[in-house]
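Asks: Residue numbers (the numbering used here), protein chains in the order written: chain U, 196 to 505; chain C, 2 to 259. Quick reminder that beta carbons are idealized off the backbone N, C-alpha and C, glycines included. Quick one: this structure, given as structure tokens, is what I'll be asking you about.
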């Protein structure tokens, strides 16, 4: 490795460099990641966004050293992720279906804290992760959201500098989800680096400094939430109109027309021209809304373009 | 940035073992079955049947004390190691631990020590029943040999548990283990001596680690063995090494899959 590459690797909290990862399955050789590079700067919150099978979890497992890349390199703080000293500096929340069912929340935390040289004090940890009321409950008695909270607390046990969260709010109710978001923001405020994967676009939008959109093992877009959103052209018009859908679709400047219940949604290039025309031909038009595309639109546009391209 | 000191290692091993033992003790499906079955069988076939045969019956209580200790030992290793490991591997818990700074040895040793602890509990209960109700009389030497067989026997049975954990599907682990455990115990002469079985069946006995352990256990309590002692011990040592090697190979092969 050239000296400059070593220097860059040491300045990043976590990096995958030109990683291709293949594995054998019943269907033959599968490629989970293709020439994939990702670098997390210290203090950054990055969201990996992508449909199922895009390679998000594989990327995390490579960074954790749970998988070894077929080609390329995985580094944490410039070091091998399989190194125990490296692992002392990271916290992990993976998608876990089941923990030993008869251990209590408090016991899991006691066990995990003992792995680290400078763990967080137990009581404040229990308090801040919202486990106070359930600390003496066995795992089998917990609800889906409570299990996620426990797994999140386990990720924080060692007071890590770098935290991996794989679908952290899966199965959480809205209240718990917002509480976890607040926790991630406070981690970020304390200068911790966070990499999270999520299906919830709102989550990526609200938490991440940078979003990396993945599809089929490659990065198809990355940038701040605002930059990602701006990748989608045009705006959205929503209204209730008497003009039939096929006629709307033929109007020049209408990219897409959809009927949902009584309302029609048009994706348009120039909202003002279309509006003037529509209001002129349909005096009954009402319930009008004009919005900019949200992250969901951007995401759909990006991933659809990619699938069509391949 | 890394600080000089590591987390103290001894507390990790102690915690890991303490919580592994606690979680299995609290799981009643495990603790009641693995301790309950050998105790119940021993009471029925060793003590009650033995005592009903008059003065010559105490050989049953003595013989079956040895063989049911091995039956219990095999149960705690297969259910306590194979089923828990298969489940933890398939459902993600093992990965969370692997991504943490936990030493892999602490994880494996905790399962080994937990199995040994349950095996000793079974040994203690069966011995108490044997002495108080089954008229079992053994010398200090014999007790020592039996205890040694039970504790040492954890190694080959734990190795078998590890190997099976790499092979069985997690959602069917309990079922598959039962399908192996019960016939294997029967065919190894742990329930009734092999002399009571058809000759062709007992010919396959040497392929089961439980037969070799059973032979050592009944030798400990004063009966003769089929092979010389050292051959049984050597067979078990080879089995342990082979099963561990195969388990390691399978684990690494599976780990390379995404």
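#1: Mapping the DSSP letters down to three states, classify residue 43 (chain C) as helix, strand or coil.
#2: Anything in chain C within Cβ reach of residue 291 (chain U), meaning under 8 Å, just list it in chain order.
#3: Please return the same chain residues whose Cβ sits closer than 6 Å to the Cβ of residue 438 (chain U), not counting the five positions on each side in sequence.
#4: Pull up the CB-CB distance for residue 178 (chain C) and residue 84 (chain C), whole angstroms please, since I reckon it's below 8 Å.
#5: Since residue 282 (chain U) meets chain C, which of its residues come closer than 8 Å, beta carbon to beta carbon?
#6: In terms of DSSP beta bridges, what is residue 218 (chain U) paired with?
#7: Express the C-alpha separation of residue 247 (chain U) and residue 302 (chain U) in angstroms, rounding to a whole number.
#8: Mind checking if residue 172 (chain C) is an interface residue toward chain U, Cβ cutoff 8 Å exclusive?
#9: Could you have a look at residue 422 (chain U) and say whether DSSP puts it in helix, strand or coil?
#10: Would the beta-carbon of residue 228 (chain U) fall within 8 Å of that of residue 254 (chain U)?
#11: For residue 464 (chain U) and residue 399 (chain U), I'd like the C-alpha separation in whole angstroms.
#12: Report the residue ranges of all alpha helix (DSSP H) runs contained in full by the region 305-389 of chain U; include only those spanning at least 4 residues, in chain order.
#13: Between which two residues does the beta strand (DSSP E) containing residue 197 (chain C) stretch?
#14: What's the gap between the Cα of residue 43 (chain C) and the Cα of residue 367 (chain U)?
#15: Between the alpha carbons of residue 91 (chain C) and residue 171 (chain C), how many angstroms are there, rounded?
#16: Excluding the 5 residues flanking residue 440 (chain U) on each side, which residues of the same chain have their C-beta closer than 6 Å to its C-beta?
#17: Please compile the residues from chain C whose C-beta is within a distance smaller than 7 Å of the C-beta of residue 307 (chain U).
#18: Assuming residue 358 (chain U) contacts residue 408 (chain U) (C-beta within less than 8 Å), just tell me the rounded distance between them.
#19: Which same chain residues, not among the five before or five after residue 345 (chain U), have their C-beta less than 6 Å away from its C-beta?
#20: Please confirm if residue 503 (chain U) has its CB atom under 8 Å from at least one CB of chain C.
#21: List, in order along the chain, the chain C residues whose C-beta lies closer than 7 Å to that of residue 279 (chain U)?
#22: What residues in the region 382-407 of chain U bring their beta carbon closer than 8 Å to a beta carbon of chain C?
#23: Which chain C residues sit within Cβ distance under 8 Å of residue 363 (chain U)?
#24: How would you label residue 222 (chain U), buried or exposed, when you count the other beta carbons within 10 angstroms and need 16 or more for buried?
#25: Hey, could you find the ends of the beta strand (DSSP E) residue 434 (chain U) is sitting in?
#26: Just the C-alpha distance for residue 2 (chain C) and residue 270 (chain U), rounded to the nearest angstrom, thanks.
#27: With 8 Å set as the bound, which would you pick, yes or no: does the beta-carbon of residue 297 (chain U) sit closer than that to a beta-carbon of chain C?
#28: Whole angstroms are fine: how far does the CA of residue 221 (chain C) sit from the CA of residue 150 (chain C)?
#29: For a contact meaning CB atoms closer than 8 Å, what does residue 23 (chain C) contact in chain U?
#30: Give me, in chain order, the residues of the same chain whose beta-carbon lies closer than 6 Å to that of residue 410 (chain U); leave out the 5 immediate sequence neighbours on both sides.
#31: Is there a C-beta anywhere in chain U that falls below 8 Å from the one on residue 259 (chain C)?
#32: Nearest to residue 117 (chain C) by CA position, among C:186, C:94, C:70, C:144, is which residue?
#33: Please name the residue or residues paired with residue 266 (chain U) in a DSSP beta bridge.
#34: Answer with yes or no whether the minimum CB distance from residue 506 (chain U) to chain C is below 8 Å.
#35: Within 8 Å (strictly less), CB to CB, does residue 478 (chain U) reach chain C?
#36: Using a Cβ distance threshold of 8 Å, determine whether the region 322-335 of chain U contacts the region 35-54 of chain C, with at least three qualifying pairs required.
Replies: In brief:
#1: For the purposes of this step, residue 43 (chain C) is identified with residue 42 of the second chain, where counting begins at 1. Residue 43 (chain C) falls in the helix class under three-state DSSP.
#2: One-based indexing of the first chain puts residue 291 (chain U) at position 96. Per Cβ cutoff of 8 Å: 92, 93, 94, 96, 97.
#3: Position 243 of the first chain holds residue 438 (chain U). Here the set comprises 477.
#4: Within the second chain, the letter at position 177 stands for residue 178 (chain C). Within the second chain, the letter at position 83 stands for residue 84 (chain C). So it is a contact: roughly 6 Å between Cβ atoms.
#5: Within the first chain, numbered from 1, the residue matching residue 282 (chain U) stands at position 87. Simply 100, 101, 102.
#6: Here the question's residue 218 (chain U) lines up with position 23 in the first chain. U:225.
#7: As a working mapping, residue 302 (chain U) is identified with position 107 in the first chain. As a working mapping, residue 247 (chain U) is identified with position 52 in the first chain. Going by the C-alpha atoms only, they are around 33 Å apart.
#8: As a working note, residue 172 (chain C) is residue 171 in the second chain. With 8 Å as the cut-off, residue 172 (chain C) does not count as an interface residue toward chain U.
#9: On the first chain, position 227 is the one that residue 422 (chain U) refers to. Of the three classes helix, strand and coil, the one that applies to residue 422 (chain U) here is helix, per DSSP.
#10: By 1-based counting over the first chain, the position of residue 228 (chain U) is 33. By 1-based counting over the first chain, the position of residue 254 (chain U) is 59. Yes.
#11: As a working mapping, residue 464 (chain U) is identified with position 269 in the first chain. As a working mapping, residue 399 (chain U) is identified with position 204 in the first chain. Cα-Cα distance, rounded: 26 Å.
#12: 317-323, 339-351, 369-384
#13: If you number the second chain from 1, residue 197 (chain C) lands on position 196. Run containing residue 197 (chain C): none; DSSP gives neither H nor E here.
#14: Here residue 43 (chain C) corresponds to residue number 42 of the second chain, with the count starting at 1. Here residue 367 (chain U) corresponds to residue number 172 of the first chain, with the count starting at 1. Near 49 Å, if we compare the C-alpha coordinates of residue 367 (chain U) and residue 43 (chain C).
#15: As a working note, residue 91 (chain C) is residue 90 in the second chain. As a working note, residue 171 (chain C) is residue 170 in the second chain. Cα to Cα, residue 91 (chain C) sits roughly 6 Å from residue 171 (chain C).
#16: In the first chain, residue 440 (chain U) corresponds to position 245, counting from 1. Cβ neighbours of residue 440 (chain U) beyond the five flanking positions: 452, 454.
#17: Here residue 307 (chain U) refers to the residue found at position 112 when the first chain is read from its first residue. Here the neighbours are 101.
#18: Position 163 of the first chain, counted from the start, is the residue given in the question as residue 358 (chain U). Position 213 of the first chain, counted from the start, is the residue given in the question as residue 408 (chain U). Rounded, the Cβ-Cβ distance is 21 Å, inconsistent with contact.
#19: Working through the first chain from its first residue, we reach residue 345 (chain U) at position 150. So the list reads 300, once near-sequence residues are dropped.
#20: Mapped onto the first chain, residue 503 (chain U) falls at position 308. Residue placement at residue 503 (chain U) is poorly supported in this model, since its pLDDT is 47, which falls under 50; the coordinates still yield a value, given next. Judged by the 8 Å Cβ criterion, residue 503 (chain U) is not in contact with chain C.
#21: Reading the first chain from its first residue, position 84 is the one you call residue 279 (chain U). Per Cβ cutoff of 7 Å: 102.
#22: none
#23: Indexing the first chain from 1 puts residue 363 (chain U) at position 168. Per Cβ cutoff of 8 Å: no residues; residue 363 (chain U) is ~13 Å from chain C at best.
#24: Mapped onto the first chain, residue 222 (chain U) falls at position 27. Exposed.
#25: In the first chain, residue 434 (chain U) corresponds to position 239, counting from 1. Its beta strand (DSSP E) spans residues 430-435.
#26: For the purposes of this step, residue 2 (chain C) is identified with residue 1 of the second chain, where counting begins at 1. For the purposes of this step, residue 270 (chain U) is identified with residue 75 of the first chain, where counting begins at 1. At residue 2 (chain C), the pLDDT of 45 sits below 50, so the modelled position is not reliable; the number obtained from the coordinates is stated separately. Going from the Cα of residue 2 (chain C) to the Cα of residue 270 (chain U) covers about 16 Å.
#27: What you label residue 297 (chain U) is simply residue 102 of the first chain in a count that begins at 1. Yes, its Cβ sits closer than 8 Å to a Cβ of chain C.
#28: Within the second chain, numbered from 1, the residue matching residue 150 (chain C) stands at position 149. Within the second chain, numbered from 1, the residue matching residue 221 (chain C) stands at position 220. Between residue 150 (chain C) and residue 221 (chain C), the C-alpha separation is close to 8 Å.
#29: Within the second chain, numbered from 1, the residue matching residue 23 (chain C) stands at position 22. Here the neighbours are 297, 298, 302.
#30: Walking along the first chain from the start, residue 410 (chain U) turns up at place 215. So the list reads 245, 249, 498, 501, once near-sequence residues are dropped.
#31: For the purposes of this step, residue 259 (chain C) is taken as the residue at position 258 of the second chain. With a pLDDT of 45 at residue 259 (chain C), under the threshold of 50, the modelled position of that residue is not reliable, and the figure given next carries that caveat. Residue 259 (chain C) counts as touching chain U.
#32: As a position in the second chain, residue 117 (chain C) is number 116, starting the count at 1. Looking at the Cα atoms, C:70 is the closest of the given residues.
#33: Position 71 of the first chain holds residue 266 (chain U). Bridge partners of residue 266 (chain U): U:215.
#34: The requested residue 506 (chain U) does not occur in the structure, where chain U is confined to residues 196 to 505.
#35: Stepping through the first chain from its first residue, residue 478 (chain U) is reached at position 283. Not an interface residue.
#36: no
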